[in-house]
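Participant: Numbering (our numbering), first residue to last: 54 to 148.
C-beta atoms are modelled at their ideal positions from N, C-alpha and C, and glycine is treated no differently.
#1: From residue 115 to residue 63, what does the alpha carbon distance come to, in whole angstroms?
#2: Between which residues of its own chain and residue 113 is the CB-CB distance below 7 Å, once the five residues before and five after are set aside?
#3: Hey, quick one: how far does the alpha helix (DSSP H) through residue 93 stretch, first residue to last?
#4: If we count the other Cβ atoms within 10 Å of its Cβ and call it buried at 16 or more, is residue 106 buried or exposed?
#5: Excluding sequence positions up to five away, which residues of its chain have a Cβ less than 7 Å from the Cβ of residue 80?
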């Protein structure tokens, strides 16, 4: 039991839940609600489970001193590649 508590405390320290705002916590609850609706009520599970997981993962706050960033302007980051595709017009011909 001590192992679980120690790992949970390390998880809270690394993810930065101490820096969580009310908006982060509300959106995490919304993501959990989407997953609950998908699993328990069987309401569009193929749609709501990925949306709920994305909401939860997107709203986990960063630790303030970890130096983590979104990465839009870093070279070869995933978001930068997506942004370049939108900016340079790669996606309309693909669709």
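Facilitator: This is what the structure gives:
#1: Residue 115 and residue 63 have their C-alpha atoms some 14 Å from each other.
#2: Leaving aside the five residues that flank residue 113 on each side, the residues in its chain whose CB is nearer than 7 Å to its CB run, in chain order, 68.
#3: Here residue 93 belongs to no alpha helix (DSSP H), and DSSP marks it neither H nor E.
#4: Exposed, by the Cβ-count rule.
#5: Answer for residue 80: 108 and 112, listed in chain order.
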